[in-house]
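If you read the sequence shown in our numbering, its first letter stands for residue 5, the second for the next number, and so on. All C-beta atoms in this analysis are idealised placements derived from N, C-alpha and C, irrespective of residue type, glycine included.
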Amino acid sequence: MRIPRLFGTALSTALLLIAAAPAASGDTRPAAMPTALDGAGLGRSLAAVHDAGMYGIYSSVRDGSDRWTGASGIADVDTGRPVRPDMRHRVGSISKTFTAVAVLQQVERGRIRLDAPIGDYLPALVPGERGREITVRMLLNHTSGIGDYVLGAFPSLMQGSTASLDEDRFRSIAPEELVRLGLAAPATGRPGETWSYSNTNYVIVGLLLAKVTGQDPEAYITRHVIERAGLRHTSYPRTPYIQGPHARMYESFYGVIDPPRDYSVYDMSWAYTAGAVVSTTSDLNRFYRGLLAGKLVGPAALKQMLTTVPANGMDYGLGIYALDVPGCGRFWGHDGAVFGAGTIALSSPDGRRQVAAGWNLMKYERLNSDGTSFEPSPIDDALNHYVVTALCPSATPASTRTAITSLRRALTGTDLSPTTWAAVLR
5 MRIPRLFGTA LSTALLLIAA APAASGDTRP AAMPTALDGA GLGRSLAAVH
55 DAGMYGIYSS VRDGSDRWTG ASGIADVDTG RPVRPDMRHR VGSISKTFTA
105 VAVLQQVERG RIRLDAPIGD YLPALVPGER GREITVRMLL NHTSGIGDYV
155 LGAFPSLMQG STASLDEDRF RSIAPEELVR LGLAAPATGR PGETWSYSNT
205 NYVIVGLLLA KVTGQDPEAY ITRHVIERAG LRHTSYPRTP YIQGPHARMY
255 ESFYGVIDPP RDYSVYDMSW AYTAGAVVST TSDLNRFYRG LLAGKLVGPA
305 ALKQMLTTVP ANGMDYGLGI YALDVPGCGR FWGHDGAVFG AGTIALSSPD
355 GRRQVAAGWN LMKYERLNSD GTSFEPSPID DALNHYVVTA LCPSATPAST
405 RTAITSLRRA LTGTDLSPTT WAAVLR
């Protein structure tokens, strides 16, 4: 089956789900949060995601000292094994927050300057004019103008074939090669002028960490971010296999892979420090709570992380973005997606109200008849509703709709409206 041009255009953002949530209009001042979690209501809302067509979903919600975990659906379509709340999960671009924290720790130590050109540190990796003009900050907030390496790493996708996904399941690819592919991709703009997400940015800063620390960046992040945050079930996998309880992770590629195929066994060197972390939903809540409380970086560094740039109406900081829910305030976090696995984690600034969720079926949407946009999916509606109401059960229907619109853009990585794609395809 030939994949319409839309597929190839959307893919570079879809593989490592990225994006910043837009600032919603209206009053975003924090309202009084509920003092207890409605476990039964959360369970029904989570089950609605499975009922809408998602294979399996698991989640952790926190309100102060009150916690709720739940799961709905299946971990394995062949055996019917159910999902569990404590399952390990590939969290994709949520890894970027971990990487950004590590970089800010080095900023605090004086080893990295956010506004220094990357060429000052890695002149051979990012040579010439780009190395002189692109700063570390631009890499972290996606204003570098560097293209994404993903389509170059999986070239068959642009020819309408998913062969690369299976052929490269056990391939190990060097981060320097990923950077080379990203630098060879079309530039997305002049450095510092335009926000455009690129996984290449976070591979470069991973190599920057290696340079200034003298350590493998995964090892550094494990010791100084993961362990410091007290995360017991979070790691960088050293093999293609996930250790501990986990679901199979099914990829549909918009119906091209039918039935969806399991990609839970995969060499994640292609994602490197842009998206290789494995975690649980409870660990993700603990991580963001610790980060926002200043336990991983100091106040000045945290302020830098939460300083955002506009991105087509969106707010993106340094490896973290904002979602505004009118009546309940601003929430910080990130989302992520790799083959077969999607994740989101959001936290109020004080860490009191949090939600993290992971699911095991990806790119389930279907293209319309002329291949220019995606048809609405009931899974999206149910998933977005679950996340928003878990964060703010007291939100009015109008506020919920506004926040869901914001979240929908965050979970797609871009505005996938027919108008937008018509402009891209012209």
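- Task: Pick helix, strand or coil for residue 139, following the three-state DSSP scheme.
- Result: strand
- Message: Quick check on residue 388: buried or exposed, where buried means 16 or more other Cβ atoms within 10 Å of its Cβ?
- Response: buried
- Query: Would residue 393 pass as a contact of residue 406 if the rule is Cβ separation under 8 Å?
  - Reply: no
- With a threshold of 16 other CB atoms inside 10 Å of the CB of residue 3, please say whether the residue is buried or exposed. Since the first residue shown for the chain is 5 and the last is 430, residue 3 is missing from the structure and cannot be characterised.
- Can you give me the start and stop residues for the beta strand (DSSP E) that residue 358 sits inside? 357-363
- Task: With residue 347 as the anchor, note down where its alpha helix (DSSP H) starts and where it stops.
- Result: Taken as a continuous stretch (DSSP letters only), residue 347 belongs to no alpha helix (DSSP H), being part of the beta strand (DSSP E) at 345-351.
- Query: Under a three-way DSSP split, which group does residue 327 fall into?
  - Reply: strand
- Can you give the Cα-Cα distance for residue 410 and residue 314, rounded to whole angstroms? 14 Å
- Note the first and the last residue of the continuous beta strand (DSSP E) segment covering residue 335. 333-342
- Item | Residues that residue 371 bridges to, as DSSP identifies them | 378
- Please work out which residues of its chain come closer than 8 Å, Cβ to Cβ, to residue 236, disregarding the five sequence neighbours upstream and downstream, and give them in chain order. 287
- Bridge-paired residues (DSSP) for residue 65: 72, 359
- Task: Taking 8 Å as the cut-off, decide whether the C-beta atoms of residue 270 and residue 173 are in contact.
- Result: yes
- Is there contact here, the segment 337-348 with the segment 299-316, by at least three beta-carbon pairs under 8 Å? no
- Less than 8 Å separating the beta-carbons of residue 351 and residue 289? yes
- Message: Assuming the contact rule is C-beta atoms closer than 8 Å, residue 91 and residue 79 should be a hit. Round their C-beta distance to whole Å, please.
- Response: 7 Å
- Query: Do residue 99 and residue 243 have their C-beta atoms closer together than 8 Å?
  - Reply: no
- Query: Is it the case that the Cβ atoms of residue 62 and residue 94 are separated by a distance below 8 Å?
  - Reply: no
- Task: Give me the Cα-Cα distance between residue 141 and residue 162, rounded to the nearest whole angstrom.
- Result: 31 Å
- Task: Mind checking who residue 221 pairs with in its DSSP beta bridge?
- Result: Residue 221 is not bridged to any residue.
- Length of the line joining the Cα atoms of residue 38 and residue 67: Residue placement at residue 38 is flagged as unreliable, the pLDDT there being 46, under the threshold of 50; the coordinate-derived value follows with that caveat. Straight-line Cα distance between these residues: approximately 8 Å.
- Task: Determine the direct distance from the alpha carbon of residue 200 to that of residue 30, and round the result to whole angstroms.
- Result: Since pLDDT at residue 30 reaches only 36, below the 50 mark, its modelled position is unreliable, and no value is offered.
- Please look up how many angstroms separate the CB atoms of residue 52 and residue 390, rounded, as I've assumed it's under 8 Å. 7 Å
- Message: If you measure between the beta carbons of residue 346 and residue 333, is that distance less than 8 Å?
- Response: no
- Query: For the 8 Å Cβ check, are there 3 or more pairs between the segment 128-137 and the segment 153-171?
  - Reply: no
- Residue closest to residue 3, alpha-carbon to alpha-carbon, out of 399, 81, 228: With the chain covering only 5 through 430, there is no way to say anything about residue 3.
- Item | Proximity winner among 255, 218, 206, relative to residue 81 (alpha-carbon distances) | 255
- Item | Buried versus exposed call for residue 402 [16 or more other C-beta atoms within 10 Å across all chains shown] | exposed
- Candidates 233, 134, 185, 149: which alpha carbon is nearest residue 158's? 185
- Could you spell out where the alpha helix (DSSP H) holding residue 106 opens and where it closes? 99-112
- Message: I'd like to confirm the pairing. Which residues does DSSP put opposite residue 254 in its beta bridges?
- Response: 266, 365
- Query: residue 320 bridges to which residues according to DSSP?
  - Reply: 313, 325
- Between residue 106 and residue 213, which are expected to be in contact by the criterion C-beta below 8 Å, what is the C-beta distance as a whole number of angstroms? 6 Å
- Query: In terms of DSSP beta bridges, what is residue 232 paired with?
  - Reply: Residue 232 pairs with nothing; no bridge assigned.
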